[in-house]
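Single-structure report; data block below.
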Amino acid sequence: MKFKLLATSLAVTLALSGCMSNNAQTSNTTNATVASASVENKVFAQDYVLEELENGLRVMVVKTDYPDVVSLQIPVSVGSRNEIEAGKTGFAHFFEHMMFKGSEKFPQDVYADILKNSGVDNRAYTTNDYTNYHLNFSKEHLDKVLEIKADIFQNLKYSEEQFRTEALTVKGEYLKNNASPIRKLLSAVRKEAFEKHTYKHTTMGFFEDIEAMPDQMAYGQTFFERFYKPEYVSLVIVGDVDPQETMKMVKKHWGNWKKGDYQADIPVEPKQQAPKYVHEQFEGMPGHWLLVSYKGTAWQPTQKDRAALDLISQLYFSSNSELYQELVVEKQLASQMFTYNAETKDPGLLHVFVKVEKEQDLATVRDAIAKTYAKARTELVDADKLAALKSNLKYSFINGLDSSQAIASTLASYMHFERDPEVINQLYASADAITAEDIRDIANKYFVDNGRTTVTMSALETVSGFDKEVSVSELAKQASQPVERHFKVLDKTNSSPLVDVNLLFYTGAAADPAGKKGVAALTAAMIARGGSQSKSYKEIQQALYPIAGSFGYQLDKEMISLRGRVHKDNAEQWYALVSDQLLNPGFREDDFKRLKKELIDGIKAGLKSSNDEELGKEVLYHKLYQGHPYESYNLGDLSDLEALTVDDVKAFYASQFTQAKLNVGITGNLDNAVKTQMLNDLAGLPKGDEARLSIPDAPKLTGRHATIVEKNAKSTAVSFGFPIDTIRSSKDWTALWLVRSYFGEHRSSNSFLYQRIRQVRGMNYGDYAYIEYFPRGMFQTKPDANLGRSEQIFQVWLRPLRSNNDAHFATRVALFELDKLIKDGMTEADFNATRNFLSNFVPQLVASQDRQLGYALDSEFYNTESFVEYVRKQLASLTVEDVNRVIRENLQTDDVHYVFITGDGKDMQKRLAKETVSPLKYNSDKPAALINEDKQIESYKLNIPAKNIEVLNVEKVFE
């Protein structure tokens, strides 16, 4: 399909100069036809006069409204295709040159002077199937131009000296053109792809034949007499003309031209039996070229094949295609990529050219092209996308007919086929009828292994990776099979313009090998905050910035969540970037050093130096899980982090980022094509065997213990707790969650501990209780999703106290109240109030789209109903007796570990060991009942044996 403005890249057009596309078929002769533009949906809709003279010359006249200018095109249906004699290639192109030598009546210098003085632009070009002579001039010179060209076509005259000299000129042109990589590639692929057909040689011909041309003058005359006859020639005259007067001029000058009778017997190309490959060495050439070519179809404008093949080139290999974006824009493996589908009378070649800078990228690009052809053979292209392309091509063609010259040159490139302009409309009508199914069927017909010829070209003698052919048929077979996915998908697609994607892997810090604590954190960071193989992290950030796309990670013991958000309009662009980070991580040394430094600094400067509250909570977990996969801090141990290598990260990625561990969450209005692409891509991850980490029970805690971390601190932070067996999937979890809320709802002034320690006594900012891991509590009011764990603890967190004495007293208050809760349970009123609060509060935990998705994924982890439904249903069925039973079965104070973060560790140790009284002083009067209770609490025993009290310098923590 010509689609003149469509597929042939500018690079090819320039490299081939006049060697434009071409086409074929035969036509019925007519005497005179006047065509009107009344038929709808025609792409060529100008009125025209078409007449075939008695001698077989076909004449087409189109009157336009562009003043004064006339374009005369003379397509002759002879090209390199017609050069059937051995040793005689290149003569069609050679006679393009010789036709400028003139005639006896109009010698070259005479007619050249006439044309120059008349301002005539006189040029020509040769293709596979035709040679075109085109002239543009003012209308008053039409008769003279027709006279001159008619005489030359009928009475060409040149001397032997002119013949031999022009043969040397052609040789020089060949050598000049041979410096073009594009021409060399085309020459190589045609020579390799064709066995018998004359498309084996280019329009220039074989070099050895060009060298012999000076001695072929007799054959030159024979060639001229065979093909420069009226039955091979068309005149296309377009411009500010009177059609009838113009036709009279043509008949006057061309009507007496005698018809010939020669027909070339073009050899039929046998069916290719195997894929072919050849490497061309081009010394001194920078970079490397790849050309992948497939046998195409003959010129059949009323059939769908030709149009479909050009549509396939546009859909899958143009600058708007996914492959171009991947290879040239995103990964930047290629610096150039374009297609060239010459329209030929007989089956020709369909080309994809790619230039790369690195030798190893040749095979990578070759494989990507093969996969794309396999995709064309198996998928149904989006109907809207196909319709939009056809519409664009149609109107782009029409828009290009914007001058008399443009109209004439377009007609010339089609007239040589059947010498009938209606083939243009036939071709586009065929294109309009093409469906997605046609695209797939025709791709399967032509893009087969035995129709392929591949050429590589570089300065190297050979290139690696091409010793074995890639089978597109096998790739298509694999692609046509349902993609076998070994991961779970939670598809919450809806109408929201915001798209959230959560790639949740059931792995995390608990999978860190011994001696490599922190490798999970560093791997997650390298994926989400590092570059891919094709783009640096800076480039990714720059690309995400204008679309406001995000991609980050969250790490815990058994979960790594890679999550992102983007507007639906930009989802394809976003996915192309972040999928490359996950599936083709760069693992660049500069990213590795940067991110490792950030993790180390996060532990040293972030946690240990400036976040006493989080430090206390993390030390508590560390102490409760000694010898357990949960023992280490999520970001790792400092000494292990320092020793980690990029290879450690690669090994963790390979073993842990598997399909078996993957759970994909999607919400928002994500385009189906992007979704399908994502799921298919993720199926490329290693299958894996382990669906989730195997986590042993928590170590048994016996007795009461205390860890005191001494650091530069003006206040004292307190955390204490113990392991529990109840997790979210347990039948009693909701009841225990209610108890937690009553006793110490996070950042709530209504909770019991908050009332007793902060509200009544004014000791600190807040006091809370937890039955699930809740990091970053000082920065947020609601827990994050995707912190699922197989083991949990009951924990009390007391925000920093003013002194060790106050910390001691507040800890005693918390223990005192916890003991009372265990002994007395909750009252009916407190139970009802807390249940009402949670029933109404729980939707707030999933108030945003991404939180809904995250909690839904957690429900999959725990194998429960959706979070809100699960909690509300459980709450509705609870009684105060149920809750108090759960308190007795889950809470205790005999086996507890305390953590204190303080500026004076020895003082805190002494207080705990000696059960020092910790009186609380107020700056205002307090009720007698409170004062009396304080007297009881200030000496309330924590009962921590001195041998169970440990003092650590902060430098020793997580070292």
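Numbered according to my numbering, the sequence shown spans residues 227 to 1185. Glycine is no exception: its CB is placed at the ideal position from the N, C-alpha and C atoms. Note that the coordinates shown come from a computational prediction; the quantities given were computed from them, not determined experimentally.
Segment limits, beta strand (DSSP E) that includes residue i
{"i": "R678", "result": "R678 to S684"}
{"i": "V302", "result": "V295 to V302"}
{"i": "K714", "result": "K714 to T719"}
{"i": "V580", "result": "L575 to V582"}
{"i": "Q1021", "result": "Q1018 to L1027"}
{"i": "E278", "result": "Y274 to E278"}
{"i": "A1102", "result": "Taken as a continuous stretch (DSSP letters only), A1102 belongs to no beta strand (DSSP E), being part of the alpha helix (DSSP H) at F1093 to S1103."}
{"i": "N1110", "result": "Per DSSP, N1110 belongs to no beta strand (DSSP E); it is in the alpha helix (DSSP H), V1106 to N1116."}
{"i": "A1211", "result": "Look at the range of the chain in this structure, 227 to 1185, and you will see that residue 1211 is not part of it."}
{"i": "D200", "result": "This structure cannot speak to residue 200, because the chain is shown only from 227 to 1185."}
{"i": "V464", "result": "S460 to G465"}
{"i": "L1178", "result": "I1175 to N1179"}
C-beta atoms of residue i and residue j nearer than 8 Å
{"i": "P949", "j": "N990", "result": "no"}
{"i": "K478", "j": "G282", "result": "no"}
{"i": "V295", "j": "S364", "result": "yes"}
{"i": "E556", "j": "S760", "result": "yes"}
{"i": "Y356", "j": "V302", "result": "yes"}
{"i": "V1068", "j": "V1106", "result": "no"}
{"i": "K937", "j": "I1127", "result": "yes"}
{"i": "P723", "j": "N895", "result": "yes"}
{"i": "I660", "j": "L535", "result": "no"}
{"i": "Y732", "j": "A754", "result": "no"}
{"i": "L1178", "j": "A932", "result": "no"}
{"i": "G677", "j": "Y520", "result": "yes"}
{"i": "E663", "j": "L606", "result": "yes"}
{"i": "Y384", "j": "M324", "result": "yes"}
{"i": "I1019", "j": "I1175", "result": "no"}
{"i": "S839", "j": "M1004", "result": "Residue identity check: residue 839 is Glu in the sequence provided, not Ser. In contact: E839 and M1004 (Cβ atoms closer than 8 Å)."}
{"i": "G947", "j": "H1123", "result": "yes"}
{"i": "G744", "j": "K783", "result": "no"}
{"i": "A318", "j": "T429", "result": "yes"}
{"i": "S914", "j": "K957", "result": "Before going on, a small fix: residue 914 reads as Gly here, not Ser. No. Outside cutoff."}
{"i": "H505", "j": "T679", "result": "no"}
Limits of the unbroken alpha helix (DSSP H) element including residue i
{"i": "E1054", "result": "E1054 to F1067"}
{"i": "P469", "result": "P469 to W480"}
{"i": "R532", "result": "D531 to F543"}
{"i": "F969", "result": "W959 to G970"}
{"i": "D1045", "result": "N1030 to D1050"}
{"i": "Y672", "result": "A662 to Y672"}
{"i": "T749", "result": "V745 to A754"}
{"i": "R1077", "result": "Q1075 to Y1088"}
{"i": "E700", "result": "V698 to S706"}
CB-CB length for residue i against residue j, believed under 8 Å
{"i": "G626", "j": "N567", "result": "That pair is no contact at about 17 Å."}
{"i": "L748", "j": "L846", "result": "About 24 Å; that fails the 8 Å criterion."}
{"i": "K843", "j": "W1023", "result": "6 Å"}
{"i": "S656", "j": "T528", "result": "6 Å"}
{"i": "L821", "j": "G756", "result": "6 Å"}
{"i": "L729", "j": "L788", "result": "4 Å"}
{"i": "G828", "j": "N796", "result": "No, G828 and N796 are not in contact; Cβ-Cβ is about 31 Å, not under 8 Å."}
Next on the checklist: Extract the residue ranges of the alpha helix (DSSP H) inside the stretch 313–386, only unbroken runs of 4 or more that lie entirely within it.
Outcome noted: Complete alpha helix (DSSP H) runs here, min 4: 317–324, 334–343 and 368–381.
Next on the checklist: When you compare the stretch 327–335 with the stretch 402–412, are there three or more beta-carbon pairs, one atom per stretch, that lie closer than 8 Å?
Outcome noted: Because the criterion of three Cβ pairs below 8 Å is not met, the stretch 327–335 and the stretch 402–412 do not touch.
Checklist entry - Is there contact here, the stretch 269–281 with the stretch 632–648, by at least three beta-carbon pairs under 8 Å? => result Judged by Cβ distances under 8 Å, the stretch 269–281 makes contact with the stretch 632–648, as three or more pairs qualify.
Checklist entry - Touching or not, the stretch 801–810 and the stretch 759–771, by the rule of three or more beta carbon pairs under 8 Å? => result Counting Cβ pairs under 8 Å, three or more are found: they touch.
Item to check | Runs of beta strand (DSSP E) lying entirely within the stretch 871–951, each at least 3 residues, in chain order | outcome: The DSSP assignment places complete beta strand (DSSP E) segments of no fewer than 3 residues inside the stretch 871–951 at 888–894, 930–936 and 942–950, in order along the chain.
Next on the checklist: At 4 residues or longer, what runs of the alpha helix (DSSP H) sit wholly inside the stretch 794–840?
Outcome noted: Taking 4 residues as the shortest admissible run, the stretch 794–840 contains the following complete alpha helix (DSSP H) segments, listed from N- to C-terminal end: 797–809 and 815–827.
Checklist entry - What runs of the alpha helix (DSSP H), each 4 residues or longer, lie entirely inside the stretch 486–570? => result Runs of alpha helix (DSSP H) with 4 or more residues, each lying fully within the stretch 486–570, are found at 531–543, listed in chain order.
Next on the checklist: If we require 4 or more residues per run, which alpha helix (DSSP H) segments fall completely within the stretch 379–449?
Outcome noted: Restricted to the stretch 379–449, the alpha helix (DSSP H) segments that are unbroken, complete and at least 4 residues in length are 386–403, 407–419 and 433–438, listed in chain order.
Checklist entry - Quick check: the stretch 1105–1121 against the stretch 1046–1062, are there 3 or more CB pairs under 8 Å? => result Output reads yes: the stretch 1046–1062 touches the stretch 1105–1121.
Next on the checklist: Using 8 Å as the cut-off, can you tell me whether the stretch 825–833 makes contact with the stretch 1159–1176, which would need three or more C-beta pairs spanning the two stretches below that distance?
Outcome noted: No: the two stretches stay apart, fewer than three of their Cβ pairs being nearer than 8 Å.
Item to check | alpha helix (DSSP H) segments (min. 4 residues) lying fully within the stretch 618–652 | outcome: The alpha helix (DSSP H) runs lying completely inside the stretch 618–652 and spanning 4 residues or more are 630–644, given in chain order.
Next on the checklist: Below 8 Å, how does it come out for the stretch 1144–1154 and the stretch 851–865: are there three or more Cβ pairs, yes or no?
Outcome noted: No contact exists between the stretch 1144–1154 and the stretch 851–865.
Checklist entry - Between the stretch 1086–1105 and the stretch 1054–1072, do three or more beta carbon pairs fall short of 8 Å? => result Put simply, the stretch 1086–1105 touches the stretch 1054–1072. At least three CB pairs are less than 8 Å apart.
Checklist entry - Any chance the stretch 465–477 sits against the stretch 438–453, with 3 or more Cβ pairs inside 8 Å? => result Contact fails between the stretch 465–477 and the stretch 438–453, because fewer than three Cβ pairs, one in each stretch, are under 8 Å apart.
Item to check | contact_flag[the stretch 697–704, the stretch 594–606] where n(CB pairs < 8 Å) is 3 or more | outcome: With the cut-off at 8 Å, the stretch 697–704 and the stretch 594–606 touch.
Checklist entry - Any chance the stretch 531–551 sits against the stretch 446–464, with 3 or more Cβ pairs inside 8 Å? => result They do not touch, by the three-pair rule.
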